[in-house]
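Peer 1: Using my numbering, read the sequence shown as starting at 55 and increasing by one per residue. Glycine residues also receive a C-beta, built at the ideal position from the N, C-alpha and C atoms.
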Amino acid sequence: MADPLVIRDLSFRYNAKEEADIFSHISLSLRQGEIFCLIGPNGTGKSTLIRCIGGLLAPYAGQIVIEGSDIASMDPARIAKIIGYVPQSHLPTFPFPVREVVVMGRSPHLGYFSSPSEEDMKVAEHAMALVGISHLADRPCTDISGGEWQLVLIARALTQNPRILLLDEPTSHLDLGNQLKILGTIRELSRKGLTILMATHFPDHAFLLSGRVGVMLDKGIPLIGPAEDVITEITMKNAYNAEVRIMTMGGDGGRRICIPLLSG
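1) Residues in its own chain within less than 7 Å of residue 228 by CB, not counting five upstream and five downstream?
2) How many Å lie between residue 154 and residue 187 at the Cα?
3) Measuring alpha carbon to alpha carbon, tell me which of 56, 138 and 312 ends up nearest residue 121.
4) Would residue 89 and residue 257 qualify as a contact pair, given that the criterion is a beta-carbon distance under 8 Å?
5) Taking residue 83 and residue 113 to be in contact with their CB atoms under 8 Å, please state how far apart those CB atoms are, rounded to whole angstroms.
6) Is residue 270 near the ligand COA - that is, is its Cβ less than 7 Å away from at least one heavy atom of it?
7) Looking at the unbroken alpha helix (DSSP H) that takes in residue 259, where does it start and where does it end?
8) Among residues of its own chain, excluding the 5 on either side of residue 317, which ones have a beta-carbon nearer than 7 Å to its beta-carbon?
9) Quick one: grab the DSSP three-state call for residue 110.
10) Return the chain-ordered ranges of every alpha helix (DSSP H) run that is complete within the region 159-237 and spans a minimum of 4 residues.
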């Protein structure tokens, strides 16, 4: 079976006349059911890469192939049936009920001028239950917290019934309990066959999810591999200019943790 997501020699710049690429010559393949965590400092192009994969930005050079098709030849509705995208959290502007926001994820499956069916509403209800926001269904989205809004965005993406899920810092603005809820949901979705690419600033989340990790640096992804091999004290120093200690809980075979250290 071919990998559902293949990136070949991808480069991006916002203006074709500019000399500087945001990132250059990135190649990457994700297997079905894989969780791939993308880490790296702010400004290295993680969000831009995710938006390119989701068809929201056009790369300057290279190719993105999803389920055997070049994304450049696909219309947005077809892309949205395969790829769900959760952007970095932003505050809602209009007071739509949460249920209506979540069911908007069904748009790629609806015909022009069609309204959501009873089955579409059931899909939305299931997604809300999955991330634990069923009790918010009738609340205006302007009356919920930033963390709750992030959960709404994730539920909306799941309502698309995607086979590839792109998450741009999905646990930002969430308290510890909701972070763990989202990470648990991500792990369960991968076990059901969903391919997941997630940008994060939390090395411990990559350890918890036990997938592959890519470190975005110097306009590329020079390091790719299992979290235990890639997330090291030296890598964190080079990537973030931060001193950390990587330790193993429970002796050999235990879980790795990343402990930040304050200087001075």
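Peer 2: Quick answer:
1) The residue you call residue 228 lines up with position 174 of the sequence shown. Hits under 7 Å: 201, 204 and 236.
2) Walking along the sequence shown from the start, residue 154 turns up at place 100. Walking along the sequence shown from the start, residue 187 turns up at place 133. Their Cα atoms are separated by approximately 13 Å.
3) Residue mapping note: residue 121 aligns to position 67 of the sequence shown, counting from 1. Restricting attention to 56, 138 and 312, the CA atom closest to the CA of residue 121 is found in 56.
4) On the sequence shown, position 35 is the one that residue 89 refers to. On the sequence shown, position 203 is the one that residue 257 refers to. Their beta carbons are not under 8 Å apart, which means residue 89 does not touch residue 257 by this criterion.
5) Numbered from 1 along the sequence shown, position 29 holds the residue referred to as residue 83. Numbered from 1 along the sequence shown, position 59 holds the residue referred to as residue 113. About 16 Å; that fails the 8 Å criterion.
6) Within the structure as shown, the ligand COA is missing, as the structure has no ligands at all.
7) Mapped onto the sequence shown, residue 259 falls at position 205. Per DSSP, residue 259 is one residue of the alpha helix (DSSP H) stretching across 257-263.
8) Position 263 of the sequence shown holds residue 317. The answer, listed in chain order, is 297.
9) As a first step, residue 110 is located in the sequence shown; it is residue number 56 there, counting from the start. In the structure shown, residue 110 sits in coil (DSSP, three-state: anything other than H, G, I, E or B).
10) 172-185 and 200-213
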